[in-house]
Amino acid sequence: MTPGAERHARGHLRHRLIALLPVLGLAMAACVPAGEPRELSGQVVAERPQPAGVGGAPPEEGGEAVDDDCDATASLEPDGTEIPEGSTMAKIRDRGHLVAGVDQNTFLFGFHNPATGQLEGFDIDIAREIAGAVLGDRDRVRFHTITSAERIPALREGDVDIVVRTMTVNCARRENIEFSSVYFEAGQRVLVPKASDVTGLDDLAGQRVCAAEGSTSLRNIAEAAPEPVSVPNWSDCLVMLQQRQVEAVSTDDTILAGMAEQDPTTEVVGEPFTEEPYAIGIPPGDEDMVRYVNAVLEDVRDDRWDELYDRWIEPVLGGASPPEARYR
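For the sequence shown, position 328 (counting from the first letter as 1) is numbered 328 according to UniProt numbering, and the numbering increases by one without interruption.
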């Protein structure tokens, strides 16, 4: 066969094979029973990603033993709102701004409003009240956003002047930092999807329940039997609940109410099973600042607490009164 004839034969064969491909495809399809999907080897269902920093049970509490006579909610007596030279408040005034550790992920208390680009909420307004007293201007405050686990280190290391971040005062924490008088009272409950049969923490034995790392809520969950899941921020808990990576979220009813407002497919269930008194964290040794902040909080309770509560919390949790201050 001549080279030209050979090329012609190969081209004719190639055209015949191309023409047969549709027929071969139909024949292969006919080999698969109707209504049965073809098996794809190696097919893997992708898991939904979890938030960064997911952990488990809280570490054992260490450090010195807590004083048995400790009264966690009793703070130092207020000493007026005059600012003596050389005081902690004078240093803040001379600096020109207050540094407040706050949240940016807890709706209604401390959250970043995407519409305004500002931090807003009940705790944010409390921090502004203190800035207004020290500096004469509620806007002269620099917000330092921190996680629950960062609250005490931020105070001990001097990164902030105060922490106003849904922080429960207790005797163990009093061993490390100072606290103001109580400015808000909450109680721990449970958030679940509305389709859930769960009515409280007792229904969650052996199931995954989310809380923020470094929170009293996480320890309460671990002690109550459910499997605790820790995350850096409360908003991470809501994401995990929406993705069904946990069965419930459990923390203070105030925080859960904000989540339920953000996601109407969820609801807060059960009665409060703890008392969570919120106080302002203050660096250790700054007792003059404790007394000053307590004097400011006295004014807030008398004049503006109801206004702040009605603005942020009342539409969700109903009416309430400011907690009575206790001093030692």
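Every residue gets a Cβ at the ideal spot worked out from N, C-alpha and C, and that includes glycine.
Per-residue burial, residue i [other beta carbons within 10 Å of its own, 16 or more giving buried]
{"i": "Q243", "result": "exposed"}
{"i": "A115", "result": "exposed"}
{"i": "C237", "result": "buried"}
{"i": "C70", "result": "exposed"}
{"i": "S180", "result": "buried"}
{"i": "R328", "result": "exposed"}
{"i": "residue 332", "result": "Coverage of the chain is limited to positions 1 through 328, which leaves residue 332 absent and any answer about it impossible."}
{"i": "N113", "result": "exposed"}
{"i": "A133", "result": "buried"}
{"i": "D310", "result": "exposed"}
{"i": "A195", "result": "exposed"}
{"i": "residue 365", "result": "With the chain running from 1 to 328 in the structure shown, residue 365 is simply not present."}
{"i": "E185", "result": "buried"}
{"i": "P264", "result": "exposed"}
{"i": "R291", "result": "buried"}
{"i": "L308", "result": "buried"}
{"i": "E213", "result": "buried"}
{"i": "D137", "result": "exposed"}
{"i": "D94", "result": "exposed"}
{"i": "D139", "result": "exposed"}
{"i": "S321", "result": "exposed"}
{"i": "M28", "result": "Low local confidence applies: a pLDDT of 43 at M28 is under 50, so the model's placement there is unreliable, with the coordinate-based value given in what follows. Classification of M28: exposed, given that the 10 Å Cβ count is below 16."}
{"i": "M89", "result": "buried"}
{"i": "E324", "result": "exposed"}
{"i": "P78", "result": "buried"}
Residues bridged to residue i (per DSSP)
{"i": "H112", "result": "L119"}
{"i": "residue 341", "result": "Residue 341 lies beyond the residue range present for the chain, which begins at 1 and ends at 328; the question has no answer from this structure."}
{"i": "I282", "result": "E178"}
{"i": "P277", "result": "E185"}
{"i": "C210", "result": "V229, V249"}
{"i": "H144", "result": "G101"}
{"i": "V269", "result": "V190"}
{"i": "V293", "result": "Its beta-bridge partners do not exist; DSSP assigns none."}
{"i": "S75", "result": "Y327"}
{"i": "T168", "result": "Y278"}
{"i": "V316", "result": "The partner list for V316 (beta bridge, DSSP) is empty, contrary to what the question assumes."}
{"i": "V163", "result": "G101, G281"}
{"i": "T106", "result": "G110"}
{"i": "G56", "result": "Note: G56 sits in no beta bridge, so no partner."}
Beta-carbon spacing of residue i, residue j below 8 Å
{"i": "S250", "j": "L201", "result": "yes"}
{"i": "I162", "j": "I280", "result": "yes"}
{"i": "V269", "j": "V316", "result": "no"}
{"i": "R173", "j": "I152", "result": "yes"}
{"i": "F107", "j": "M259", "result": "yes"}
{"i": "G121", "j": "F111", "result": "yes"}
{"i": "P228", "j": "L204", "result": "no"}
{"i": "V192", "j": "E261", "result": "no"}
{"i": "I130", "j": "V293", "result": "yes"}
{"i": "I255", "j": "F109", "result": "yes"}
{"i": "G53", "j": "V231", "result": "yes"}
{"i": "A72", "j": "C171", "result": "yes"}
{"i": "V99", "j": "V160", "result": "yes"}
{"i": "V246", "j": "R208", "result": "yes"}
{"i": "L218", "j": "A224", "result": "no"}
{"i": "P272", "j": "D253", "result": "yes"}
Minimum Cβ-Cβ distance from residue i to chain C less than 8 Å
{"i": "G200", "result": "Absent from the structure: chain C. Only one protein chain is present."}
Distance between beta carbons of residue j and residue i, contact taken as under 8 Å
{"i": "T216", "j": "E276", "result": "7 Å"}
{"i": "S87", "j": "D288", "result": "5 Å"}
#### Entry: Segment contact flag, the stretch 140-157 with the stretch 97-104, C-beta cutoff 8 Å, min 3 pairs
They touch, by the three-pair rule.
### Query
Counting pairs of beta carbons, one from the stretch 280-292 and one from the stretch 161-177, are three or more of them closer than 8 Å?
Yes, the stretch 280-292 is in contact with the stretch 161-177.
### Task
Indicate whether the contact test is met: 3 or more Cβ pairs, each with one atom in the stretch 124-141 and one in the stretch 291-309, closer than 8 Å.
Judged by Cβ distances under 8 Å, the stretch 124-141 makes contact with the stretch 291-309, as three or more pairs qualify.
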